[in-house]
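Below: the structure, in structure tokens.
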Amino acid sequence: MTASVTELRVTPEDRRVAWLATAAVALSLVDAAIPSPLPGVKPGLANIVTLVVLIRYGWGTAVWVSGLRVLAGSLLLGYFLAPGFFLALTGSVFSLLVLGVARHLPSRWFGAVSLSILAAFAHIGGQLLLARLWLIPHNGVFLLTPLFAVAALVFGTINGLIAAKLLSDTPVAETTR
Amino acid sequence: MRWLAYLRPGDWLVMAAGAALVGATLPLLWQGGFAERAIIRQDGQVFAEVDLGSRRDFAVPGPLGTTLVAIEPGRARVVADPGPRQYCVRQGWLARPGEIAICAPNRVSVQIAGRTRAYDSLSY
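Residue numbers (this note's numbering), protein chains in the order written: chain S, 1 to 177; chain A, 1 to 124.
Okay, structure coming up:
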């Protein structure tokens with residue numbers, strides 16, 4: 001007889017987080033496959049999932065999905081605990097913090113696009129800060145800020161539009177798998 | 001436009017604010033000024049300091065041989081160097097203030113300077 005069996009209870013919430021994180025990981029793989037002219041300028045497609053989760057299931061679920069995505073994505077792409085991992089982590093933490101505040105904006109006026117743009121700027125801001133403090137301790141890092149800012153605005157808007165479309169296309173009941 | 005339907009009034013506001021932020025960061029691209037002079041050093045001593053205005057070539061003697069430096073309007077580079085690894089040659093054109101190519105074996109360096117002398121950690 002086994003002395004004790006640790007029983008893992010899997011709640012529907014756990015399954016949902018796992019499914020959504022899987023989708024996010026898949027999108028980060030797509031992201032990594034898109035060639036980029038400058039390291040750091042990426043569409044950040046996985047953030048579409050984060051946005052949809054945030055708006056539909058709340059901030060806590062978004063944190064889980066985003067965290068799992070960074071962890072699993074880095075393991076799959078082979079940069080776990082490399083500088084790129086900490087950059088991704090910092091970007092995610094900053095954008096989640098901003099999203100945690102921004103989601104209280106009146107939704108009649110501010111939609112997914114607003115959240116997406118704010119998160120994109122927080123993401124790149126956090127990454128630049130980490131790069132300046134840790135990776136390249138020189139103000140030269142900030143020379144490229146305008147390019148990153150343009151990318152944040154453009155991709156933030158596009159991702160926000162896609163998230164808004166997904167949210168309006170799928171009724172609430174359908175996505176609660 | 002179908003996609004415009006997903007934008008709410010505040011979204012336009014955030015987009016405008018984002019665009020303003022991008023505009024505010026644009027001057028950073030010109031931080032440090034424009035490339036105006038090239039400073040060629042040999043063994044730490046200034047060998048030549050030239051305006052990046054015209055086309056000129058320099059032959060800088062060093063312990064290993066001669067390092068060839070080419071100056072063109074707005075840019076400079078090391079053309080040839082007797083060093084074994086050729087790092088300074090492969091660096092190519094230098095066009096921004098603060099950029100530097102160092103041919104360590106032959107003790108030659110080429111640095112670009114703007115109007116204001118921008119110090120970096122190498123200067124200390």
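All C-beta atoms, glycine included, are put in the ideal place defined by N, C-alpha and C. These figures come from a predicted structure and were not determined experimentally.
| Asked | Found |
| --- | --- |
| Check whether chain A comes within 8 Å of P146 (chain S), counting only Cβ atoms and requiring the distance to be less than that. | yes |
| Counting only Cβ pairs nearer than 8 Å, list the residues of chain S close to V22 (chain A). | P146, A149, V150, L153 |
| Give me the Cα-Cα distance between G78 (chain S) and D31 (chain S), rounded to the nearest whole angstrom. | 14 Å |
| What are the residues in the stretch 5-18 of chain A lying within 7 Å of chain S by C-beta distance? | Y6, L7, R8, P9, G10, D11, V14, M15, G18 |
| According to DSSP, what are the bridge partners of S109 (chain A)? | A:R41, A:I102 |
| In the structure shown, what three-state DSSP assignment does P27 (chain A) receive? | helix |
| Which ranges would you report for the alpha helix (DSSP H) in the stretch 3-90 of chain S if only whole runs of at least 4 residues count? | 12-33, 46-57, 59-77 |
| So is the beta-carbon of L167 (chain S) under 7 Å away from any non-hydrogen atom of the ligand FAD? | With respect to small molecules bound, the structure shown includes none, and the ligand FAD cannot be examined in it. |
| Looking at R69 (chain S): is its Cβ nearer than 8 Å to the Cβ of A46 (chain S)? | yes |
| State the DSSP-derived secondary structure class of L105 (chain S), mapped to helix, strand or coil. | coil |
| Since I117 (chain S) meets chain A, which of its residues come closer than 9 Å, beta carbon to beta carbon? | D11, V14, M15, A17, G18 |
| Kindly list, in the order they appear in chain A, the residues whose Cβ is closer than 9 Å to that of W109 (chain S). | R8, P9, G10, D11, L13 |
| Using the three-state DSSP reduction, which class does F47 (chain A) fall into: helix, strand or coil? | strand |
| Would you give the residue range spanned by the beta strand (DSSP E) that R75 (chain A) belongs to? | 75-80 |
| I need the DSSP call for A70 (chain A), collapsed to helix, strand or coil. | strand |
| Using only CA atoms, which one of A:L13, A:P84, A:A59, A:A113 lies nearest to V78 (chain A)? | A:A59 |
| Note the first and the last residue of the continuous alpha helix (DSSP H) segment covering P84 (chain A). | It is not in any alpha helix (DSSP H) - P84 (chain A) carries neither H nor E in the DSSP assignment. |
| With distance defined between alpha-carbon atoms, name the residue in S:T170, S:L147, S:L161, S:A26 nearest to L76 (chain S). | S:A26 |
| Using a Cβ-Cβ distance under 8 Å, would T66 (chain A) count as near chain S? | no |
| Within a Cβ cutoff of 7 Å, which residues of the same chain sit near V141 (chain S), ignoring the five residues on either side of it in sequence? | L128, A131, R132 |
| Excluding the five sequence neighbours on either side, which residues of its own chain have a C-beta within less than 6 Å of the C-beta of V195 (chain A), listed in chain order? | One cannot answer for residue 195 (chain A) here, as it falls past the ends of chain A, which runs 1 to 124. |
| Any residues in the stretch 78-112 of chain A with a beta carbon nearer than 7 Å to a beta carbon of chain S? Which ones, in chain order? | none |
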